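Protein chains in written order, with this note's numbering: chain A, 1 to 581; chain B, 1001 to 1317.
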C-alpha cells in the first residue's frame, strides 16, 4: 500500500517524466524516469515528499545492451539506478534512468547527497557514464591510465581475452608520469604561494591503514588541513567475475568481499538468490545461518576491538582478541571445515548439517567470552588515555551520517536504533530476543561502545540458537537449491536430470531483479542481482558499507591531527576488499 | 691490585655488563611481553631462546647498512652514534656498590642531566638528516617531547639533592641509609620516572616512533647496525633510568644480607620489568595531550615538591 502511495505521489508531481513502473522480485517500487527530470525527482524524494527518502543507499549502472529479458522496460543501453532508503517509511525506492545511444550523460546529484560523489565516480570509471556538474569526475577504482570501462559488457573479463601485455618505452613513461603527484589531479589546491603546507602520503603501505589504502594529507604542522583518499588498490573486479561464474560457484567470491565477515557475505548473496528463485529455506537452515553469521560478527568485532586499541597505541589487547578469535575459528572450522572463508551457505540452505557435538564447543565459548569482555572493558574502554584519544574525535551528527550513507554501528553511535535485523528481519531474526545498542555522540569512542555491546548481544543470539535449534532438513528440496538434494536421484529420472544439470551446468535462476541487504559486520551489505534467465547473473551489484564510510574520512579528519586520523580509521572498522570489491 | 688496574677493571667491567644487559633486555622484554600477552615469545634459539640475542646481533650486523641517497650523509651517520655515546657515558656515574663506580663526580646528577640533554641531538638530527617526512615529524615530536620532559626531570631531582646536600650519587645513596628518598620525595620520584619514560620514548610516550602513525618515526630510514644502535640505545636508556631511579630514590646498593651489587641489580631489574609492564598495558596519548600533561601536571607538581621540600628542610634546621 505504501508503495502505491509513493508512486501516486510521483505521478501527480512528475507525470510526464515517468516512463514506467517496473515490477521486481524484491517488491521495491522501481520507477523509470527520464534523464532530464531525474535530478528533480530525486530531490523531490529526498526533501519534499511526506516521510522522505533521506539516504542515498546505492547508485549504480546496468549495461543493458545484451540483455534479452527486459520486456515492459523502456529502451535503454545503460541504465543508471538510484536506490534510496527512507527511515520513516522503513521502505526503499529505486529510480531508474535510461541512457540511449552515444550520449551517456546525466546531471550529477553530488549537490543533493554528498555520498553521491564517489558513487558517480565509480559509475564513470566502470561504465563511462558522465555526470554533468560533478565536482571531480575521475577514475576511482581503476588506475588513471586504464583503457575502457571494465563493467561494460564488451570489456574483456579475463586477461586471456586481452592479448599479450607489453610495456614499451613510451607506455612506461606514461605510466611513470601518471604516478607523479600533482595536487590538482586530486582536486586539491597546491598552496605554492609561500605558505608552507606539507603533503604527506599516508600509505598505500602504512601500518595504520590495515591494508592498501592511500590517504594524501595536506598538513600544517601535524594538523590536517585537507585530505584525499586514493582507493582501488584492492579492486579485484568481484562484480565482473559474477557475470562469468554460475550462481552457485560465485558463493566463495562473496566470502572475500568483507573478508572478516565470512558466511555473513554468503548470507546476503544467497538470500538475494533465493528471492529471485523463490526458494523457501527450512527453519533449521535459517537458525544455523543466523548462528554462524552471529559468530562471524563476534569474530569481526573482536578483530576490530584489538586493532582499534592498537591504532590508539595500546599494544596488548590485539593479542588477547586474536586469541579469542581463534576460539571462534575453532567452532567455525568444526562446523564448516574452513576458517575465514568457509563459503558454507548454499542457495536454499547450507552445505552440510551441523556435526555431532557442535553445541559443546559453542557452549564453552559462550561461557569463555563474557568474563574476557569484562576485562577488555577495563583494559581498553575505561582507560583514561584511550578515552582522551577517542572521545569527541571524529564525531558526526545523525543528519550527517544519513547524508553520507552511513549504516551499521556508525549510524547507531549517533543515536538511531536502526538495525536491519530488527527493522527488516530476515532469516528468522524476528524470533530472537536481542537489543540494539546505541550511543549519542557519534564520535570514535561511541562507535566503539556500540560495537562492544553488539558482541554481547550476538552472544545472546548464539545462545538462543543453541537452546532452540530446530530439527529437520538443512536444505530446501526446491530444484534450484544447489547442489540439489540427492536423496531420490537414484530412484526417479526427473530428480536425476535436475541434479545432473544443477551440478554440471548450474541452476538457471528465472529472469528478474532482486535486492537483499543485511546487517553485516561493518554496516549494511547488500546484493542487487539481475538474472537474464541464465546460469550466471547478468549483473551483480555489491553494495558495501565501507565505501560510503570511508568517503566520509576527509570530512571527519579535517582540522584534527595525524594521530586522530588513525583513531578515526580504526573506529570506522573498514575492510579494503569491502571498499574496492 | 694497583689503583690503575682496579680502575681499568671497574671501567671494563661496567662497560661489559652494561652492554650485555642491554642485549639481554631485548630478549627479556620480548619474553615478558609474551608472558603478559598469552603467547610464547622467542623460545627457539638456545635454552629459553636466550641465544636469540646473538642471532639478532648477527642479523643486525650483517644486514645491508643502507644510507638513503637523499639523506645528509655525515649527520645521518653521526646521529645514532651520539645516542650510544651519551647513554653509555652516563653509566660512568652510577654507583654499582659501595666504592664500585667508574667515577664519583661531585656533580653526578648534573652530569647525567647534561648528557641526557645531548641525547636530544641524536633523535633530532636523525629525523632531520633522513630527509623524509615521517622521520621529520618523528624528529620534531622527539625534540619537543624530550626538551620539555628534560625540564621536569631536572626539577624533580632537586628535592633529592637538597635532602642529600650533594650532587654526588655516592653521597645520595649514603644519605638514604635510614630512609629511602622515595618516601619523602614520592612526587619527585613519580615525575622523574614519568620523565624518564619520556626521555627513552617508550610507550606511552613513544610518539616519536609511533608505529601506527609515523611508521617508525625518526629512525624510519635507518637499517643495519645504525638502526641497531637506536634499538640497543633504547634498552640501554631503560637500564640507565632504572638504575638512576634505584640510586636516587630506592637506596641504591644498600640492603641487608645480600651483597651490595646484588641488591642494586635486583632493584634495577624490578624497574626494568616495570618499564615493560607499562608498555604492555597503556595506550598512547596524542601529541598535544602529552605536552599539556607535561606542562600542566608534571611542572606544577615538581615545583610544588621543590618548594615544600625546601620549606621542610628550613623548618628542621
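Backbone N, C-alpha and C define an ideal beta-carbon position, used for all residues, glycine too.
Remember, it's a predicted structure, so these values are computed and weren't measured experimentally.
Cα-Cα separation between residue i and residue j, rounded to whole angstroms
{"i": "residue 1012 of chain B", "j": "residue 1260 of chain B", "result": "19 angstroms"}
{"i": "residue 358 of chain A", "j": "residue 1289 of chain B", "result": "49 angstroms"}
{"i": "residue 1000 of chain B", "j": "residue 1252 of chain B", "result": "Beyond the ends of chain B as shown, which are 1001 and 1317, falls residue 1000 of chain B; an answer cannot be given."}
{"i": "residue 447 of chain A", "j": "residue 1053 of chain B", "result": "42 angstroms"}
{"i": "residue 473 of chain A", "j": "residue 79 of chain A", "result": "41 angstroms"}
{"i": "residue 449 of chain A", "j": "residue 53 of chain A", "result": "28 angstroms"}
{"i": "residue 1220 of chain B", "j": "residue 1273 of chain B", "result": "27 angstroms"}
{"i": "residue 196 of chain A", "j": "residue 218 of chain A", "result": "10 angstroms"}
{"i": "residue 245 of chain A", "j": "residue 239 of chain A", "result": "10 angstroms"}
{"i": "residue 365 of chain A", "j": "residue 57 of chain A", "result": "36 angstroms"}
{"i": "residue 1146 of chain B", "j": "residue 261 of chain A", "result": "44 angstroms"}
{"i": "residue 349 of chain A", "j": "residue 235 of chain A", "result": "30 angstroms"}
{"i": "residue 33 of chain A", "j": "residue 5 of chain A", "result": "17 angstroms"}
{"i": "residue 37 of chain A", "j": "residue 150 of chain A", "result": "28 angstroms"}
{"i": "residue 281 of chain A", "j": "residue 99 of chain A", "result": "38 angstroms"}
{"i": "residue 1304 of chain B", "j": "residue 1191 of chain B", "result": "12 angstroms"}
{"i": "residue 371 of chain A", "j": "residue 324 of chain A", "result": "12 angstroms"}
{"i": "residue 1154 of chain B", "j": "residue 1186 of chain B", "result": "15 angstroms"}
Expected contact under 8 angstroms - CB spacing of residue i and residue j to nearest Å
{"i": "residue 140 of chain A", "j": "residue 42 of chain A", "result": "With 8 angstroms as the limit, residue 140 of chain A and residue 42 of chain A do not qualify as a contact, their Cβ atoms being about 21 angstroms apart."}
{"i": "residue 663 of chain A", "j": "residue 121 of chain A", "result": "Within the shown structure, residues of chain A are numbered from 1 to 581, placing residue 663 of chain A beyond reach of any answer."}
{"i": "residue 1066 of chain B", "j": "residue 1233 of chain B", "result": "Wrong, their Cβ atoms sit about 19 angstroms apart, outside the cutoff."}
{"i": "residue 517 of chain A", "j": "residue 543 of chain A", "result": "7 angstroms"}
{"i": "residue 657 of chain A", "j": "residue 233 of chain A", "result": "Any answer about residue 657 of chain A is impossible in this case: the structure gives chain A only from 1 up to 581."}
{"i": "residue 180 of chain A", "j": "residue 1283 of chain B", "result": "Contact doesn't hold; Cβ gap of about 38 angstroms is too wide."}
{"i": "residue 345 of chain A", "j": "residue 263 of chain A", "result": "6 angstroms"}
{"i": "residue 1125 of chain B", "j": "residue 1214 of chain B", "result": "No, residue 1125 of chain B and residue 1214 of chain B are not in contact; Cβ-Cβ is about 17 angstroms, not under 8 angstroms."}
{"i": "residue 563 of chain A", "j": "residue 227 of chain A", "result": "Contact doesn't hold; Cβ gap of about 14 angstroms is too wide."}
{"i": "residue 1083 of chain B", "j": "residue 1139 of chain B", "result": "Contact doesn't hold; Cβ gap of about 13 angstroms is too wide."}
Same chain, Cβ closer than 8 angstroms to residue i, five either side skipped, listed in chain order
{"i": "residue 317 of chain A", "result": "305, 306, 309, 310, 376, 379 and 380"}
{"i": "residue 204 of chain A", "result": "212, 213, 214, 230 and 233"}
{"i": "residue 11 of chain A", "result": "18"}
Residue i - partner residues in DSSP beta bridges
{"i": "residue 1111 of chain B", "result": "DSSP lists no partner for residue 1111 of chain B."}
{"i": "residue 345 of chain A", "result": "A/350"}
{"i": "residue 98 of chain A", "result": "A/79"}
{"i": "residue 516 of chain A", "result": "A/527"}
{"i": "residue 201 of chain A", "result": "A/216"}
{"i": "residue 112 of chain A", "result": "Partner(s): none; residue 112 of chain A has no beta bridge."}
{"i": "residue 131 of chain A", "result": "A/106"}
{"i": "residue 22 of chain A", "result": "A/30"}
{"i": "residue 297 of chain A", "result": "Answer is none; residue 297 of chain A lacks a bridge partner."}
{"i": "residue 86 of chain A", "result": "A/91"}
Residues near residue i in its chain [Cβ-Cβ closer than 6 angstroms; skip 5 each side]
{"i": "residue 1111 of chain B", "result": "1093 and 1105"}
{"i": "residue 455 of chain A", "result": "298 and 301"}
{"i": "residue 552 of chain A", "result": "404"}
{"i": "residue 62 of chain A", "result": "79 and 539"}
{"i": "residue 1201 of chain B", "result": "1208"}
{"i": "residue 523 of chain A", "result": "407, 408 and 545"}
{"i": "residue 612 of chain A", "result": "Outside the displayed range of chain A (1 to 581) lies residue 612 of chain A, so it cannot be described from this structure."}
{"i": "residue 464 of chain A", "result": "432"}
{"i": "residue 1068 of chain B", "result": "1221"}
Close beta carbons around residue i, own chain, < 7 angstroms, minus the five adjacent residues each side
{"i": "residue 1180 of chain B", "result": "1249, 1250 and 1251"}
{"i": "residue 511 of chain A", "result": "69, 531, 532 and 533"}
{"i": "residue 1216 of chain B", "result": "1209"}
{"i": "residue 1029 of chain B", "result": "1276"}
{"i": "residue 434 of chain A", "result": "457, 460 and 461"}
{"i": "residue 567 of chain A", "result": "311, 312, 389, 390, 393, 394 and 444"}
{"i": "residue 1205 of chain B", "result": "1145, 1197, 1198 and 1290"}
{"i": "residue 1194 of chain B", "result": "1298"}
{"i": "residue 266 of chain A", "result": "251, 254, 255, 343, 344 and 345"}
{"i": "residue 1294 of chain B", "result": "1148, 1149 and 1152"}
(message) Quick check: the region 1304 to 1314 of chain B against the region 1148 to 1164 of chain B, are at least 3 beta-carbon pairs closer than 8 angstroms?
(response) Enough Cβ pairs lie closer than 8 angstroms, so yes.
(message) Tell me whether the region 82 to 102 of chain A and the region 18 to 32 of chain A touch, counting them as touching only if at least three CB pairs, one residue from each stretch, are closer than 8 angstroms.
(response) Yes, since at least three Cβ pairs between the region 82 to 102 of chain A and the region 18 to 32 of chain A fall closer than 8 angstroms, the two stretches touch.
(message) Does the contact criterion of 3 or more C-beta pairs under 8 angstroms hold for the region 1075 to 1084 of chain B versus the region 1121 to 1130 of chain B?
(response) yes
(message) So, does the region 405 to 425 of chain A touch the region 384 to 394 of chain A, judging by three or more C-beta pairs under 8 angstroms?
(response) no
(message) For the pair the region 1012 to 1022 of chain B and the region 1085 to 1092 of chain B, tell me if three or more CB-CB distances fall below 8 angstroms.
(response) yes
(request) Decide yes or no for the touch test of the region 30 to 48 of chain A against the region 499 to 509 of chain A: beta carbon pairs closer than 8 angstroms, at least 3 of them. (result) no
(message) Would you call the region 252 to 270 of chain A in contact with the region 328 to 348 of chain A, where contact means no fewer than 3 C-beta pairs closer than 8 angstroms?
(response) yes
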